[in-house]
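A.B. asks: The opening residue of the sequence shown carries number -17 in the working numbering; numbering runs sequentially from there. Mind having a look at this structure? Questions to follow.
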Amino acid sequence: MLVPSPWRADFPAIAALQRQDQTYLDNAATTQKPQALIDALTHYYANGAANVHRAQHLPGAHATQAFEDSRSKVAQWLNAGDIGQIVFTHGTTSALNLLAYGLEHQFNPGDELVISALEHHANLLPWQQLAQRRDLKLVVLPLDAAGLIDLEAAAQLIGPRTRLLAVSQLSNVLGAWQPLPQLLAMAKARQALTVVDGAQGVVHGRHDVQALGCDFYVFSSHKLYGPDGLGVLYGRNAALQGLRHWQFGGEMVQDAEYQHATFRPAPLGYEAGTPPIASVIGLGATLDYLAGLDQDAVAAHEAALHDYLLHGLQARKGIRLLGAPQLALASFVVDGVHNADLAHLLTEQGIAVRAGHHCAMPLLKRFGLAGAIRVSLALYNDSADLERFFEALDQALEMLR
Ligand SMILES: Cc1ncc(COP(=O)(O)O)c(C=O)c1O
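Next up, the structure:
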């Protein structure tokens, strides 16, 4: 069965990569960009760059307008209650570090922070370091056989001392939606704060943060076909109001004396210094592009392509999948073959996939592995990309076995 992508031509880098004999299947790391984004960046830089929120002049007014328009587009994309709930950061990592610092004063020694065994380092290390600084307990929810956070164990571990739950929506290693509604309900029953790492989840389908009911939701623009150097922190109003300011400088201040200052509330109070203006404007253009696509067609395409990937992997002897991937990606190891050797031979044949620990070392260790190969898909991939991958995989395995 062929799975063509009707959106392939919207991403000029795919054709450019093909001219370099490269097949790009590392989309969970970062994505290629639509022409709509490239045009928006060119337009901004070609027509007059200016700083935002500070200048009286016309270029400054244009830049500020475009910047704030993008904030409303992000708010709409997530169905946030109002645009003041959208804080721009430099990525998921910086948003999670902001939270771990900004919430620190709310915790007391002995309080418990709950994460899961599958978290990316970005949603592990900020909490781990916070726990060490404040003498808190970091509780790690185990996984079931399918690679989902174990709800029975969670019901035991989310308890009266739980002050915060921070979990990933879609694992970047296992490709499985996590049972967020149940987990968030357990945390809320304990009046704990809830943080959702949407770095992978936001890329697939539309997500309604109000329906989800989390306190905070974070993602990176570059994984959602947008520019890099930019992330989003959504927060419910009450949750945002409980944050301590974290970076100090221009634009975040209300009033300053030499010995004292007061600070603005969210969002600007958490966006110290010149923000990544072009990237914010570019993300707005990317969301316009994505909003114009037939969402059902995108979902059907992603599902068909993922099936194609899974069937191809399962048809080959000695391949062991990690967990039970549902969409977007699959990570695997091959019996008797070192993943670095396999990755090397795939790279030599122009296949761009990821090998290693995928920034989730403790998870890989739980599988008894130092690394795995990950193939991750985007809406511009098609079955021909996967055929090239399978051909290269067969050749590599023939050499290695
Ligand atoms: C689940 C998850 N969380 C967090 C991150 C960190 O994102 P960034 O490097 O864009 O800050 C990633 C990136 O791979 C991820 O997959």
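Glycine included, every Cβ here is placed at the ideal spot set by N, Cα and C.
Determine, using beta carbons only, whether R145 and D93 come nearer to each other than 8 Å.
C.D. replies: For R145 and D93, yes; Cβs fall inside 8 Å.
A.B. asks: Please state whether DSSP places V335 in a helix, a strand or coil.
C.D. replies: Residue state, collapsed to three classes: coil.
A.B. asks: Considering just the uninterrupted stretch of the beta strand (DSSP E) at A37, what are its terminal residues?
C.D. replies: Where A37 is concerned, there is no enclosing beta strand (DSSP E), given that its DSSP letter is neither H nor E.
A.B. asks: Who are W159's beta bridge partners in DSSP?
C.D. replies: Paired residues: L152.
A.B. asks: Would the region 328 to 346 count as touching the region 279 to 293 if we require 3 or more Cβ pairs under 8 Å?
C.D. replies: These segments do not touch.
A.B. asks: Is it buried or exposed for K347, if we count other Cβ within 10 angstroms and need 16 for buried?
C.D. replies: Label assigned to K347: exposed.
A.B. asks: First and last residue of the alpha helix (DSSP H) that includes A135?
C.D. replies: Segment L133 to L139, the alpha helix (DSSP H) holding A135.
A.B. asks: If you check the beta carbons only, do L295 and L303 fall under 8 Å apart?
C.D. replies: Yes, these two residues count as a Cβ contact at 8 Å.
A.B. asks: Using the DSSP secondary-structure output, state which residues sit across from E369 in a beta bridge.
C.D. replies: Answer is none; E369 lacks a bridge partner.
A.B. asks: Below 7 Å CB to CB, which residues in the same chain sit around F349 once its five sequence neighbours on both sides are set aside?
C.D. replies: Here the set comprises L304.
A.B. asks: Heavy atom of ligand 1 less than 7 Å from the Cβ of A181, yes or no?
C.D. replies: Yes, the beta carbon of A181 sits closer than 7 Å to at least one heavy atom of ligand 1.
A.B. asks: Looking at the structure shown, is T176 part of a helix, part of a strand, or coil, going by DSSP?
C.D. replies: Reduced to three states, the DSSP call for T176 is strand.
A.B. asks: Please list, in chain order, all residues of the same chain as G232 whose beta carbon is under 6 Å from its beta carbon, the five residues on each side excluded.
C.D. replies: For G232, where only same-chain residues beyond five positions count, the Cβ hits under 6 Å are G255.
A.B. asks: So, with DSSP's three-state summary, where would you put Q4?
C.D. replies: Coil.
A.B. asks: Using only the heavy atoms of ligand 1, determine whether one of them is closer than 7 Å to the beta carbon of H102.
C.D. replies: Yes - ligand 1 has a heavy atom lying nearer than 7 Å to the Cβ of H102.
A.B. asks: Should A221 and L175 be called a contact, given that it needs their Cβ atoms to be closer than 8 Å?
C.D. replies: Result yes, Cβ atoms of A221 and L175 sit closer than 8 Å.
A.B. asks: To the nearest angstrom, how far is it from the Cα of T268 to the Cα of T24?
C.D. replies: Going from the Cα of T268 to the Cα of T24 covers about 13 Å.
A.B. asks: Do C196 and ligand 1 come close, with the Cβ less than 7 Å from some heavy atom?
C.D. replies: Every heavy atom of ligand 1 is 7 Å or more from the Cβ of C196, so no.
A.B. asks: Are there any heavy atoms of ligand 1 lying less than 7 Å away from the beta-carbon of F338, as far as the coordinates show?
C.D. replies: It is Gly, not Phe, that sits at residue 338 in the sequence shown. No, the Cβ of G338 stays beyond 7 Å of every heavy atom of ligand 1.
A.B. asks: Measuring only the C-alpha atoms, how far is H102 from A11?
C.D. replies: C-alpha separation (whole angstroms): 12 Å.
A.B. asks: Where does Q14 fall in DSSP's three states?
C.D. replies: Coil at Q14, not helix or strand.
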